[in-house]
Amino acid sequence: GESVGLHLPTLSVQEGDNSIINCAYSNSASDYFIWYKQESGKGPQFIIDIRSNMDKRQGQRVTVLLNKTVKHLSLQIAATQPGDSAVYFCAENYNDMRFGAGTRLTVKP
Amino acid sequence: EADIYQTPRYLVIGTGKKITLECSQTMGHDKMYWYQQDPGMELHLIHYSYGVNSTEKGDLSSESTVSRIRTEHFPLTLESARPSHTSQYLCASSEGQGLGYSNQPQHFGDGTRLSIL
Chain A
65 GESVGLHLPT
75 LSVQEGDNSI
85 INCAYSNSAS
95 DYFIWYKQES
105 GKGPQFIIDI
115 RSNMDKRQGQ
125 RVTVLLNKTV
135 KHLSLQIAAT
145 QPGDSAVYFC
155 AENYNDMRFG
165 AGTRLTVKP
Chain B
-6 EADIYQTPRY
4 LVIGTGKKIT
14 LECSQTMGHD
24 KMYWYQQDPG
34 MELHLIHYSY
44 GVNSTEKGDL
54 SSESTVSRIR
64 TEHFPLTLES
74 ARPSHTSQYL
84 CASSEGQGLG
94 YSNQPQHFGD
104 GTRLSIL
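Residue numbers (our numbering), protein chains in the order written: chain A, 65 to 173; chain B, -6 to 110.
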């Protein structure tokens, strides 16, 4: 079946380092992808999105890369800060929106 | 910041009670969604709506029901709560019109954490 999944359930990085969170998707027809950040006790917050006609999109301190050949999505966070500690979800959209299980990012001071 | 609100934030209640979880958005979005999320787990879609008087069931079987009488309001009701309903419930909305998912991000409320004793 189709699925969205993350390679690692947890990621720990040093403050100031760059973080890379990965996501694999199975539906090659998916045409829209989103990264969300969810802090404890809050709902998912939109970070950045990318459409399938793009390979890369940059935001403030974040970059999303899409590799359609291997059906892989990644989120790069530059100069990771303590406030970046959260669970990060990827989501893919074709006929419906599918969310992955999430990666917990912990930033060490 | 998205303007979508859920109440209550926390609810602890006994088995057999009728519960309504409220969700309101002020963005004028036609599309709204309800998800169920257990701690540290993925989101599961339980209901969605494309607009007023439109409601559909999601992937995850749920004993809850929803209504969409007004664009801004999408309440979820459990007629008789059970311990298996204990979870976090997240409401979301998105731009776009018509049937099907739009390629627009969903904006989430902060959820209702429900515990059934």
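The C-beta atom is built at its ideal place from N, Cα and C for all residues, glycine as well.
All figures in this text were calculated on a predicted structure; none of them were measured in a lab.
Here Val171/A is buried: its Cβ has 16 or more other Cβ atoms, across all protein chains shown, within 10 Å. Three or more Cβ pairs closer than 8 Å define a contact, and the region 20 to 36 of chain B meets that threshold against the region 151 to 164 of chain A. Between Glu88/B and His22/B, the alpha-carbon positions lie close to 5 Å from each other. Collapsing the DSSP output to three states places Asp52/B in coil. In the pairwise beta carbon analysis, the region 103 to 110 of chain B is classified as not touching the region 39 to 50 of chain B: fewer than three pairs are separated by under 8 Å. Judged by beta-carbon spacing, Phe110/A lies within the 8 Å limit of Pro98/B, meaning their Cβ atoms are closer than that value. Judged by their CB atoms, His136/A and Asn86/A are nearer to each other than the 8 Å cut-off. The beta-carbon distance between Thr0/B and Leu110/B, rounded to whole angstroms, is 20 Å. This is too long to meet the 8 Å contact definition. Residue pairing from DSSP places Arg63/B in a beta bridge opposite His66/B. Counting the other CB atoms within 10 Å of its CB gives Thr19/B a total below 16, which places it among the exposed residues. Assigned with DSSP and collapsed to three states, Ser77/B falls in helix. Using a Cβ distance threshold of 8 Å, Leu53/B and Gln29/B count as a contacting pair.
The beta carbon of Met34/B falls within 8 Å of a beta carbon belonging to chain A, placing the residue at that interface.
Between the alpha carbons of Pro108/A and Cys16/B lies a gap of roughly 15 Å. Secondary structure in the region 102 to 129 of chain A: the beta strand (DSSP E) runs of 3 residues or longer, each lying completely within the stretch, are 109 to 115, 120 to 122 in chain order.
Shown here, Gly102/B sits in coil according to DSSP, grouped into three states, outside any helix or strand. Chain-order list of chain B residues neighbouring Ile98/A: Pro98, by C-beta distance under 7 Å.
Residues Val68, Lys135, Leu137, Glu156 of the same chain have their beta carbon placed closer than 7 Å to that of Tyr89/A, with the five preceding and five following residues left out of the count. In the displayed model, Gly44/B falls within a strand according to three-state DSSP. For Ser42/B and Val59/B, the gap between their C-alpha atoms comes out near 9 Å.
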